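This report concerns only the one structure given below.
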Amino acid sequence: MMSKIIAWVDQRFPLTSFVKHELTEYPTPRNLSYWWGFGFLAGFVLVIQIVTGIFLAMHYKPDSKLAFDSIQHIMREVNYGWLIRYLHSTGASAFFAVIYTHMARTLYYGSYRRPRELLWWTGQGLLLLMMATAFMGYLLPWGQMSYWGAQVITSLFKATPVYGEQIVTWLRGGFTVDDPTLTRFFSLHYLFPFLIFGAVIVHLVALHTVRSSNPSGINLADKDNIPFHPYFTVKDLFGLGIFMIIYMLIVFFKPDFFIEAANNIPANPMQTPAHIVPEWYFLPFYAILRSVPDLAGGVVAMAISVLIFAAMPYLDRSRITGGARYRPVYRAMFYIFVINIFVLGYVGAHPPTGTLKTVGEISTMIYFMTFLLLPFISRWEEKFVLAKGLPPAVEEMARKEIAEAEGNV
Amino acid sequence: MSKNKLFGLFVCLILTGQAHADQAQLQRGAHVAVEVCNGCHTLKYIKYSDFFKLGFTKKDVDAMRGDKPLDSPLLSQMDPQSELSMFGIVPPDLSLMAKAREGGAHYIYEMITGFYTDSKGQTANRVFPGIKMPDILMVSQADAAGKQAIDAKAKDVSAFLEWASDPQAEERITLGKYVIGYFVVLTVLLYFLKKKIWKRLG
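Residue numbers (this note's numbering), protein chains in the order written: chain A, 7 to 415; chain B, 6 to 207.
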């Protein structure tokens with residue numbers, strides 16, 4: 007019976023061939039480490055966020071007079087409302103943690119390199135959509151931090167030349183963050199996840215065109231590829247198990263960990279909280295914003311700090327594959343970059359006074375210098391590493407790419 | 006995210022459990038909240054009927070609510086307008102107070118026991134300078150024995166307010182232990198399944 011149904015469908019829709027091509031026979035490098043499992047985790051968290059979000063929206067009231075109370079209604083009166091809400095609020099942090107790890111893996115192994123530029127750029131687009139979604143979602147509880155965070159971030163658009171004031175008013179639907187801001191943010195916060203879902207499909211199509219990169223950096227021959235299923239389905243599921251343990255520990259035992267105390271006070275436009283801090287996943291960028299003394303300069307620096315990842319395929323001019331694996335200087339730069347991100351995060355979480363202000367300025371410099379020096383360092387490193395010797399397969403690939411590039415000139 | 010919170014996370018990751026106030030303490034705290042705090046403060050997310058969850062009997066709750074309906078929230082005994090003219094502020098709602106301050110219940114305890122008489126003979130608070138709340142438990146005027154009794158009361162009411170801010174905590178933690186247990190077992194099984202499947206590759 008089942009096979010008859012499938013045969014009927016297959017005549018009209020490429021179901022079996024699709025599953026074969028994209029899953030059961032999809033060739034995957036067998037040497038992918040657990041670092042390659044974070045894309046799957048991100049997809050999983052996206053589904054958690056959409057499902058919990060849909061249920062939250064059934065009980066939430068996007069009205070500045072009712073929003074705060076409706077969250078408490080969810081927490082106290084809706085059956086397992088507290089669970090749905092904590093899954094969602096912790097899920098936002100989990101999503102960023104997973105995506106940042108996914109990006110770090112791409113940077114470390116140079117997975118953004120040719121021919122994966124478009125794959126990387128769709129990822130960059132996804133990051134922007136995700137940031138916008140998270141930012142708008144954070145307004146919905148209508149707590150003090152929600153309100154003032156939205157107030158501060160929307161006011162950044164004042165830096166737009168000529169039309170600054172108008173754009174801010176247009177974004178907020180008024181002169182300050184108020185009910186119209188809440189309703190539009192709610193509407194868009196419900197819309198964006200579906201845009202993300204669509205963009206994820208584009209991301210996957212691009213991935214299945216260029217196939218996964220792998221830790222060796224070598225384009226593996228067919229003999230080294232294994233079907234995605236069952237090998238990577240089971241590997242990803244084990245990774246998911248580990249993720250779920252950590253995620254559930256926070257949801258059930260420390261659910262307020264990512265919720266600022268001040269956000270348990272209803273929004274009060276007349277009273278600014280002592281410190282306005284964004285959520286942890288925005289802190290490094292927030293620190294960059296504050297480290298530039300001029301508002302317009304800060305906004306531009308912050309925007310570039312997020313967008314600059316897209317330039318990586320061009321900033322990294324080395325022809326040696328495998329990313330940091332065979333490149334000691336790039337590896338050092340990667341670790342400096344990661345440590346520096348944490349420093350920026352720390353700076354972003356505290357008031358910018360005295361030494362901390364200086365630290366923020368230096369860290370901002372380091373952040374941009376890592377990117378801006380890369381074109382020069384990567385070429386110099388390429389010569390140095392080639393002279394020192396590489397595994398034959400890697401060297402062959404690099405020399406071929408260099409010869410191709412020189413032939414084209 | 007304070008160091009306190011980070012430390013708390015580590016402790017929880019190790020113990021996957023949290024210390025909990027016992028029911029007797031929560032009941033004592035509920036009495037303080039109704040008889041003292043509720044004079045000026047509202048607890049809008051707590052209804053009289055919620056007290057059944059703390060093990061109070063119908064008779065106890067009836068005594069606490071007086072002529073107010075069972076499903077009425079704990080509204081302040083004074084109306085907000087007269088509070089505003091009397092204190093210069095409408096006393097904040099207490100039902101989420103333990104979540105709305107860094108330090109939670111501990112902060113509340115420190116604040117209500119933080120009253121003292123300063124050098125000018127004025128009552129001041131070492132945790133919240135300039136606070137508009139009076140020294141309701143009379144900490145600043147108590148002798149050693151009195152201070153001890155007040156201390157116990159303050160601890161009870163802080164524990165109660167922590168419960169009020171998160172009445173599902175107990176259910177959450179109980180359920181959480183099963184959920185973690187489930188995922189640990191599942192993950193161990195997936196680990197062996199993964200090993201078994203990957204063995205085929207030799």
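Heads up, the beta-carbon is just placed ideally off N, CA and C, and yes, glycines get one too.
As the structure is a prediction and not an experimental result, all values here were calculated from the model.
| Item | Value |
| --- | --- |
| I need the boundaries of the alpha helix (DSSP H) containing residue 166(A), first residue and last residue. | No alpha helix (DSSP H) holds residue 166(A); DSSP gives it neither H nor E. |
| Between the alpha carbons of residue 287(A) and residue 204(B), how many angstroms are there, rounded? | 39 Å |
| Using a Cβ-Cβ cut-off of less than 9 Å, give me the residues of the stretch 132 to 154 of chain B that come near chain A, in sequence order. | none |
| What first and last residue would you give for the alpha helix (DSSP H) that runs through residue 302(A)? | 301 to 313 |
| Where in the stretch 276 to 363 of chain A do unbroken runs of the beta strand (DSSP E), each at least 3 residues long, occur, reported from the N-terminal end onward? | none |
| Quick check: the stretch 194 to 204 of chain B against the stretch 251 to 263 of chain A, are at least 3 beta-carbon pairs closer than 8 Å? | no |
| What runs of the beta strand (DSSP E), each 3 residues or longer, lie entirely inside the stretch 191 to 265 of chain A? | 231 to 233 |
| Using a cut-off of 7 Å between C-beta atoms, extract the partners of residue 71(A) located in chain B. | Here the premise fails: no neighbours, minimum Cβ distance about 14 Å. |
| Please check the pair residue 28(A) and residue 214(A), which I expect to be a contact at CB under 8 Å, by giving their CB distance rounded to whole angstroms. | 6 Å |
| State the beta-bridge partners of residue 121(B) as determined by DSSP. | 129(B) |
| Applying a beta-carbon distance threshold of less than 7 Å, which residues of chain A neighbour residue 94(B)? | Here the premise fails: no neighbours, minimum Cβ distance about 11 Å. |
| So, does the CB of residue 86(B) fall closer than 7 Å to a CB anywhere in chain A? | no |
| Looking only at DSSP bridge pairs, what is residue 34(A) linked to? | 232(A) |
| Taking the alpha-carbon of residue 83(A) as reference, which of 96(A), 69(A), 224(A), 65(A) has the nearest alpha-carbon? | 65(A) |
| Which chain A residues sit within Cβ distance under 8 Å of residue 29(B)? | Neighbours of residue 29(B) on chain A: none; closest Cβ ~23 Å, over 8 Å. |
| Tell me which residues share the same chain as residue 408(A) and place their Cβ nearer than 6 Å to its Cβ, disregarding the 5 neighbours each side in the sequence. | 325 |
| Kindly list, in the order they appear in chain B, the residues whose Cβ is closer than 8 Å to that of residue 62(A). | In chain order: nothing, as chain B lies at least about 16 Å away. |
| Quick one: which chain A residues come within Cβ less than 8 Å of residue 167(B)? | Ordered by position in chain A, no residue passes the 8 Å Cβ test against residue 167(B), which lies about 12 Å from the chain. |
| Just to check my reading of the structure: residue 110(B) and residue 167(B) have Cβ atoms closer than 8 Å, yes? What is that Cβ distance to the nearest angstrom? | 4 Å |
| For the beta strand (DSSP E) containing residue 48(B), list its first residue and its last residue. | 48 to 52 |
| For a quick check, are the C-beta atoms of residue 366(A) and residue 297(A) less than 7 Å apart? | yes |
| Kindly indicate the opening and closing residues of the alpha helix (DSSP H) around residue 16(A). | 8 to 18 |
| Spell out a yes or no on whether the stretch 143 to 150 of chain A and the stretch 59 to 78 of chain A are touching, meaning 3 or more CB-CB pairs, one atom from each, closer than 8 Å. | yes |
| Beta carbon of residue 165(B), beta carbon of residue 254(A): below 7 Å? | no |
| With a 10 Å radius around its C-beta and 16 neighbouring C-beta atoms as the bar for buried, classify residue 24(B) as buried or exposed. | Confidence at residue 24(B) is low in this model, with a pLDDT of 49, below 50, so its placement is unreliable and the value that follows should be read with caution. By the neighbour-count rule (16 or more Cβ atoms within 10 Å), residue 24(B) is not buried but exposed. |
| Using three-state DSSP, classify residue 272(A) as helix, strand or coil. | strand |
| Chain B beta carbons: is any one of them nearer than 7 Å to that of residue 366(A)? | no |
| Skipping 5 residues on each side, what residues in its chain have a beta carbon closer than 7 Å to that of residue 115(B)? | 132 |
| Is the CB of residue 181(B) under 7 Å away from at least one CB in chain A? | yes |
| Should residue 77(B) be labelled buried (16 or more other beta-carbon atoms within 10 Å of its own) or exposed? | exposed |
| Restricting to Cα atoms, I'd like to know which of 97(B), 93(B), 65(B) is closest to residue 80(B). | 97(B) |
| Going along the stretch 254 to 270 of chain A in order, which residues come within less than 9 Å of chain B, judged by CB to CB distance? | 254, 255, 256, 257, 258, 259, 260, 261, 262, 263, 264, 265, 266, 267, 268, 269, 270 |
| Might you give, ordered along the chain, the residues of its own chain that have their beta carbon closer than 8 Å to the beta carbon of residue 160(A), omitting 5 neighbours on each side? | 174, 177, 178, 183, 187 |
| Give me the Cβ distance between residue 47(A) and residue 249(A), rounded to the nearest whole Å; I'm assuming they're in contact under 8 Å. | 5 Å |
| Using DSSP's beta-bridge definition, name the partner residues of residue 149(A). | 272(A) |
| Quick one: what does DSSP say residue 78(B) is sitting in, helix, strand or coil? | strand |
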